[in-house]
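Asks: First to last, the sequence lines map onto chains B and H. Per this note's numbering, the first sequence starts with residue 8, numbered consecutively. Per this note's numbering, the second sequence starts with residue 2, numbered consecutively. From the three backbone atoms N, C-alpha and C, an ideal C-beta is built for every residue, glycine too.
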Amino acid sequence: MDTAESVVDKKGASGPFHVNNGPSPRGFHGNGSCCGGGSSPAAPEEAHHLHRGGEDAECNGSPAKRSRLRRRTESVKRNRPRTAQRSNMALSVSPKDTSTSGAGDQTTGPLIEGQPCSTTEPHYRCTRNVVEMCRAFPWFGMDIGGTLVKLVYFEPVDVTAEEEQEEVENLKSIRRYLTSNVAYGKTGVRDVHLELRNLTMCGRTGNLHFIRFPTQAMPRFIQMGRDKNFSSLHTTLCATGGGAYKFENDFRTMADLELLKLDELDCLIRGLLFVDRVSFNGHPEGYYFQNPSDTESCVKKTCTLDNPFPMLLVNIGSGVSILAVYSESDYKRVTGTSLGGGTFLGLCCLLTGCETFEEALEMASKGDSTNVDKLVKDIYGGDYERFGLQGSAVASSFGHMMSKEKRDSISKEDLARATLVTITNNIGSIARMCAVNEKIERVVFVGNFLRINTVSTKLLAYAMDFWSKGQLRALFLEHEGYFGAVGALMELLKTSEDP
Amino acid sequence: MINQFFTCQSCCQCQFKGVGKTRASEIPTLTDAPHVARARTLARRARSVRASPTMAECGGLHSGSRRHTMDKSITLPPDEIFRNLENAKRFAIDIGGSLTKLAYYSTVQHKVAKVRSFDHTAKEATSDELYEITMQEEVTARLHFIKFENAYIETCLDFVRDHLVNTDTKVIKATGGGAHKFKELIERKLGLRVDKEDEMTCLIKGCNFVLRNIPHEAFVYAKHADSEFRFQTTQPDIFPYLLVNIGSGVSIVKVESEDKFERIGGSSIGGGTFWGLGALLTKTKRFDELLQLASKGQHTSVDMLVKDIYGGSYGSLGLTGDLIASSFGKSATADKGGFSKEDMAKSLLHMISNDIGQLACLYAKLHSLSRVYFGGFFIRGHPVTMHTITYSINFFTKGEVQALFLRHEGYLGAIGAFLKGAEEDNPNQYSWGENYAGSSGLMSVSPDMNPMQRARSGTFDMLEMDRLERKLVNLPLLQDASSYIPDTVDLTEDALAREYWLYCFEEALDGVVKRALASQPDIPEAAERAEKFRQKYRHKLQTLRHQPFAYGSLTVRSLLDTREHCLNEFNFPDPYSKIKQRENDAALKYYQKAVQSLEELSWEERQFALVRGVLAGNVFDWGAKAVSDVLESDPEFGFEQAKRQLEERPWLVDSYDEWFERLKGPPHKCALFFVDNSGVDIILGVMPFVRELLSRGTEVVLASNSSPALNDVTNGELQILTESIAAMDPVIRAALGEDRLTLVQSGSSSPCLDLSRLDKVLAMVVRERKTDLVIIEGMGRAIHTNYYAMLSCESLKMAVIKNSWLADRLGGKLFSVVFKYEVPAAGIDSPALTPS
């Protein structure tokens with residue numbers, strides 16, 4: 008308990024709180040982006056630690072430890088409001104300080120280094136035997152956002168014949184259903200290109216699948232859980248995002264399922280660091296744009312988050328949360344804005360009649376925002392030299408739309424583009440100010456708003472570079488919106504099964 | 002001063018009752034012109050012109066819609082707007098997206114009352130009057146600012162051309178987004194060369210100017226408070242500040258000094274986004290209409306709130322369920338067409354206001370600035386946007402930064418452009434004052450008022466500023482100039498008191514009109530002017546009844562000052578001049594006798610008698626007709642009677658014992674005495690008191706008004722009075738000769754006293770003489786204002802409460818005495834003025 012508290016307390020969960028936060032990563036449908044595929048993970052044979060502190064490293068938790076863990080999770084919840092008052096303290100805690108926060112923290116080092124747990128103390132070795140105790144399949148991590156539900160599913164590929172025999176039919180059918188389809192129902196999608204293959208988690212090898220569906224479909228999903236008698240599987244459903252709270256009661260009453268609710272920002276950071284560490288099937292998870300200010304020579308370059316701290320983490324889901332992250336457990340929410348992915352899609356739907364994120368982006372890619380926005384040169388005839396503003400800078404988003412003639416002649420594509428540019432620029436602007444105020448030079452953008460959205464990623468990269476005169480660099484990650492769900496899954500693997 | 006006025010309340014109300022009521026029903030018309038003769042001529046020239054429809058399109062505010070076509074045809078009432086054009090020079094124009102602001106400098110000729118000592122060597126002088134009163138023409142400088150919709154620009158330019166007499170003007174300074182669009186039109190119509198000035202520079206210059214010269218310029222907006230507007234006191238140092246200008250886009254400017262400012266940031270999401278996006282979403286064209294829609298809407302159906310995601314609050318982050326997680330977040334999933342225009346407009350308004358507020362906070366934090374002013378057409382007096390911006394700022398800074406707004410925000414660009422053009426005259430070397438008679442004041446934002454109405458009433462909005470003869474500064478003896486508030490009661494916040502005083506001033510109006518008329522018995526057109534004064538002031542009172550915040554915080558002082566401005570406007574510079582003259586002459590005759598009887602008293606008795614003398618002089622209510630005759634014939638009798646009317650000790654506020662103890666100690670180095678009335682008050686009350694101070698070895702500085710206000714003694718009158726007292730009294734004569742008694746003007750022409758706006762010379766003298774005692778006398782200066790003023794030296798506030806309502810409110814009765822002696826730090830508790 009003490010350990011848990013101290014970890015929690017150092018978390019600067021406060022900072023300026025904001026009206027408009029979009030608390031969780033969420034995203035939109037559509038098909039995968041670029042990268043993907045690839046060979047084997049960096050250390051496929053070895054089990055990775057999925058835990059933050061030492062004590063929870065247990066796949067093999069004793070009953071006592073189990074209950075401690077459960078309490079710990081609860082205490083996290085309980086303690087959060089209190090930590091809010093300690094933002095200043097959180098600011099002063101350096102990443103190194105946190106590593107001394109409790110017993111067993113020495114594992115934090117190896118964990119961050121990405122070393123397999125088998126190389127650390129024997130105490131942490133995960134044998135097959137232990138794994139069975141550790142966590143019964145199926146392994147899910149779920150992040151229920153405002154718009155999208157993100158689900159990660161670990162499909163074990165090292166199932167022995169013996170296991171196979173023991174495996175209940177139910178479990179088998181779930182595995183088959185998920186792995187043999189790429190679409191579920193009308194709206195569920197598996198992002199095949201993001202699949203992490205031959206990943207070792209908690210001593211088991213398998214593939215990590217990334218699935219998403221609209222939050223609106225939650226009732227049907229819960230229904231399915233009941234129909235498939237999910238509760239008989241003796242698993243715990245680890246869930247994060249606001250929906251974990253919103254739908255908790257529905258899960259309980261409709262499907263007899265007890266959710267383990269997790270804080271979304273904890274999960275986000277944990278998941279992000281994990282995916283970066285295990286790499287994307289051998290390739291770096293991160294990328295940035297070289298020469299962001301020049302459309303001709305702008306190229307996407309991969310990178311890893313070596314030495315990731317401090318970083319400004321900008322999570323763009325329905326809304327936006329901006330976090331200053333000093334270590335895996337030491338971070339604060341700096342601010343947020345309600346102008347996020349949900350705003351882009353919402354406004355696009357109203358303005359153009361489109362219905363999906365993909366449609367909206369497709370239109371935006373064909374449009375020209377300068378027909379909608381008033382530029383500096385539209386007002387001043389050129390640059391506004393007194394203030395060093397270029398004529399091509401946007402002076403007023405949607406400013407041309409004040410005129411009826413222009414409203415009558417505008418195309419949907421132009422409107423979609425302007426909406427996208429407006430939202431993106433605004434996020435860039437706030438993120439930049441936060442980076443300056445927090446004195447952090449690395450800005451990492453995640454969240455499903457960035458999915459298949461190169462217009463925005465490039466614009467953000469450009470905006471960071473331009474306005475900071477090269478001081479700030481925008482980084483992006485391939486698994487954009489799934490880190491919360493991955494973080495939730497990791498929590499599952501370090502907690503014990505509910506009785 | 003004030004007792005004249007109060008007297009009317011307590012003694013003469015019945016006289017005027019009937020009249021007041023019949024008049025109240027009259028609706029003020031547009032005829033209250035200052036210069037009647039000119040008014041007639043100009044009225045004939047008043048134009049009715051249809052503005053070209055294409056003009057109306059600019060910015061789209063009044064574009065197209067047939068309903069508003071009527072707006073474009075307008076008759077300009079020449080005495081109301083574009084006043085004093087014949088003497089106008091130095092033009093500037095600021096053309097925004099929908100409104101044009103024209104600025105010019107002009108001189109105004111009006112009558113002033115001057116007193117001149119008779120040559121008493123020629124003893125055969127016409128009468129035994131001490132001095133003569135003459136009316137002289139004086140020319141003062143005034144700045145005119147007029148705001149009107151762009152639709153009328155052509156009409157207005159024609160009008161200006163037709164009335165422009167001064168042909169020396171060659172250039173008009175222009176700023177604002179529309180300046181280049183109308184350049185050709187302006188040059189053609191006015192024959193002036195358009196000289197463009199940078200918009201932001203003008204804005205900042207204008208902002209500095211109003212912050213420096215207009216008390217109560219800045220305010221905090223609180224939608225649900227008793228008084229929506231909380232005006233800020235003028236800061237001795239206005240820098241540094243952040244100006245967030247929300248036009249079509251947003252500019253965030255850090256201002257560090259008069260000439261040093263920097264645009265530190267901005268955003269493209271601004272008023273144009275609200276308007277443009279709002280027009281697309283709701284098919285509503287006009288900005289005002291969009292705001293109107295927004296004020297009726299519910300954003301929760303359109304926005305995704307924290308509780309929509311969490312089912313409740315996100316407790317661990319302290320985010321309550323009602324916060325917006327994603328603006329328009331619900332509109333992607335809802336049924337098409339499922340949103341009302343109102344709801345979408347509201348959601349959009351929140352989105353934009355929050356975004357701007359957030360950015361402003363980030364910049365304020367980065368630059369450690371706590372004063373953040375918001376302006377631009379998005380704000381411009383709109384309660385809806387002021388509220389959402391205020392909310393956003395409170396939220397993002399947790400109340401550490403307050404969103405500030407400006408009363409004359411719409412004029413900043415025009416003022417700045419004008420100042421750029423007038424640089425050679427260096428207008429900043431003067432102090433300027435808002436002329437309440439010629440300025441429209443802040444418009445009503447009452448939610449039940451139709452916004453169309455609002456737009457129309459805003460068609461011609463005016464600000465006039467008078468150049469003050471003297472540069473005004475803080476009294477150096479204020480304990481904390483930045484927190485000094487002159488007025489004791491803010492009537493914008495105290496509805497009961499407001500009700501009473503407005504009623505009171507309205508009831509007294511007939512008496513004032515009569516008095517004004519009586520002061521110019523030989524001028525035939527005076528009656529007409531007096532009537533116009535009546536209408537003008539009544540109109541002001543009616544405006545203030547509905548919009549108490551129109552000229553900043555409403556106070557008894559502002560009501561009195563407004564009346565003085567209106568009287569001056571109609572050339573009644575000193576309605577009490579003759580009364581003052583009579584009273585002074587009469588009182589002078591008894592000076593020596595009064596001094597003599599004081600001399601006969603023991604030291605102890607004399608100290609008390611002197612205080613009672615000042616108080617009795619101040620109780621003088623002979624402005625009331627019934628007793629003025631007695632006064633004229635036998636002021637000595639009146640003075641003794643007044644003493645008898647005085648409340649016996651212990652007084653309502655009584656620190657006489659402390660004062661008496663203090664007098665046993667060493668003399669003060671120098672006393673600054675803010676005097677009050679003419680006649681008995683100054684001559685039989687104040688002068689003997691001053692004489693005693695001088696005898697103790699204390700230097701005395703007598704501060705009196707620069708120009709007339711009610712029956713207050715003016716500096717000019719006091720000069721003459723003092724000389725003639727000196728002729729009778731060797732003590733005064735010696736003190737004058739040795740420069741131990743000095744007369745200075747306060748720089749004020751108000752029956753009240755604002756210690757933050759005093760003549761620069763006074764401040765200098767106070768400093769040089771090492772003044773260690775400040776005496777303030779009378780209700781206007783010591784109760785309505787300065788009752789709570791904290792000084793860094795000893796102070797004495799003396800007054801008799803001559804208004805039964807106020808006496809009642811303070812827990813006393815008519816003629817209760819306030820004698821408040823305070824020593825800084827020594828901690829004499831300031832007695833509570835208001836009953837608990």
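1. Take Ser325 (chain B) as the anchor and find which of B:Phe364, B:Cys310 and B:Asn288 has the nearest alpha-carbon.
2. Tell me which residue opens and which closes the alpha helix (DSSP H) that Gly422 (chain H) is part of.
3. Taking a contact to mean a Cβ-Cβ separation below 8 Å, would you say Ser369 (chain H) touches Met352 (chain H) in this structure?
4. If we cut at 8 Å on Cβ distances, does Thr134 (chain B) have a partner in chain H?
5. Is Met352 (chain H) close to chain B, meaning its C-beta is less than 8 Å from at least one C-beta of that chain?
6. So if DSSP puts Trp502 (chain H) in a beta bridge, which residue, or which two residues, is it bridged to?
7. Any idea which residues DSSP pairs Glu150 (chain H) with across the strands?
8. Helix, strand or coil: which one does DSSP assign to Glu718 (chain H)?
9. How far does the alpha helix (DSSP H) with Glu526 (chain H) in it extend, from its first residue to its last?
10. With a cut-off of 8 Å, do at least 3 Cβ pairs link the stretch 234 to 246 of chain H to the stretch 480 to 499 of chain H?
11. Opposite Gln236 (chain H) in the DSSP bridges: which residues?
12. Alpha carbon to alpha carbon, how far is Leu774 (chain H) from Lys670 (chain H)? Give it in angstroms, no decimals.
13. Where does Trp433 (chain H) fall in DSSP's three states?
14. Measuring CA to CA, which of H:Gly322, H:Val109 and H:Leu318 is closest to Asp304 (chain H)?
15. Name the residue from B:Val196, B:Thr212, B:Glu445 and B:Asp421 whose alpha carbon lies nearest to the alpha carbon of Ala333 (chain B).
16. Within the 8 Å Cβ cut-off, does Pro35 (chain H) reach chain B?
17. Ordered along the chain, which non-local residues of its own chain (more than five positions away) have a Cβ less than 6 Å from that of Leu797 (chain H)?
18. Going by beta carbon distance, what residues of the same chain come within less than 6 Å of Leu330 (chain B), once the five residues before and after it are set aside?
19. Which ranges would you report for the beta strand (DSSP E) in the stretch 203 to 272 of chain B if only whole runs of at least 3 residues count?
20. Using a Cβ distance threshold of 8 Å, determine whether the stretch 707 to 717 of chain H contacts the stretch 746 to 760 of chain H, with at least three qualifying pairs required.
21. So Met305 (chain H) contacts chain B; which residues on that side make the cut at Cβ distance below 7 Å?
22. What does Lys821 (chain H) pair with, by DSSP beta-bridge criteria?
23. Does Ile386 (chain B) get closer than 8 Å to chain H when you measure Cβ to Cβ?
24. How about Leu185 (chain B) and Phe144 (chain B): do their beta carbons lie closer than 8 Å?
25. Three-state secondary structure (DSSP) at Asn28 (chain B)?
26. Check the DSSP bridge columns for Glu263 (chain H) and list the partner residues they point to.
27. Since Met149 (chain B) meets chain H, which of its residues come closer than 9 Å, beta carbon to beta carbon?
28. Between which two residues does the alpha helix (DSSP H) holding Lys190 (chain H) run?
29. Inspect the CB distances between the stretch 399 to 412 of chain B and the stretch 351 to 371 of chain B and report whether three or more fall short of 8 Å.
30. Bridge partners for Tyr132 (chain H) per DSSP, in chain order?
31. Compute the Euclidean distance between the alpha carbons of Val383 (chain B) and Tyr391 (chain B), then round it to the nearest angstrom.
32. Within 10 angstroms of the Cβ of Arg79 (chain B), are there 16 or more other Cβ atoms? Answer buried if so, exposed if not.
33. Using 8 Å as the threshold, is the C-beta distance between Ile94 (chain H) and Ile205 (chain H) below it?
34. Check each residue of the stretch 319 to 348 of chain H: if its Cβ is closer than 8 Å to any Cβ of chain B, include it; give the result in chain order.
35. Do Asp198 (chain B) and Arg219 (chain B) have their beta-carbon atoms positioned less than 8 Å apart in this structure?
36. Starting from the N-terminal side, write out each stretch of the alpha helix (DSSP H) that is 4 residues or longer and does not extend beyond the stretch 545 to 618 of chain H.
Replies: The structure says:
1. B:Phe364
2. Leu413 to Gly422
3. no
4. Any reading at Thr134 (chain B) must be qualified, since the residue scores a pLDDT of 41, below 50, and its modelled position is unreliable; no value is offered.
5. yes
6. Bridge partners of Trp502 (chain H): none, in fact.
7. H:Leu100
8. helix
9. No alpha helix (DSSP H) contains Glu526 (chain H), which DSSP labels as neither H nor E.
10. yes
11. Gln236 (chain H) is not bridged to any residue.
12. 8 Å
13. strand
14. H:Gly322
15. The question names Ala, but residue 333 (chain B) in the sequence shown is Tyr. Ranking B:Val196, B:Thr212, B:Glu445 and B:Asp421 by Cα distance to Tyr333 (chain B) puts B:Glu445 first.
16. Bear in mind that the predicted position of Pro35 (chain H) carries a pLDDT of just 36, short of 50, making it too unreliable to give a figure here.
17. Ile776 and Tyr822
18. Leu320, Tyr338 and Arg340
19. 203 to 208, 211 to 221, 244 to 247 and 266 to 269
20. yes
21. Gly153, Ser325 and Gly349
22. H:Lys798
23. yes
24. no
25. Any reading at Asn28 (chain B) must be qualified, since the residue scores a pLDDT of 34, below 50, and its modelled position is unreliable; no value is offered.
26. H:Lys255
27. Under the 9 Å cutoff, chain H gives no residues; its nearest Cβ is about 14 Å from Met149 (chain B).
28. Lys184 to Leu191
29. no
30. H:Ser118
31. 7 Å
32. Its pLDDT being 40, under 50, Arg79 (chain B) is placed unreliably in this model, and the value from its coordinates should be taken loosely. Arg79 (chain B) comes out buried.
33. no
34. Gly319, Leu320, Leu324, Ile325, Ala326, Ser327, Ser328, Phe329, Gly330, Lys331, Ser332, Ala333, Thr334, Lys337, Phe340 and Met345
35. yes
36. 557 to 570, 578 to 589 and 592 to 600
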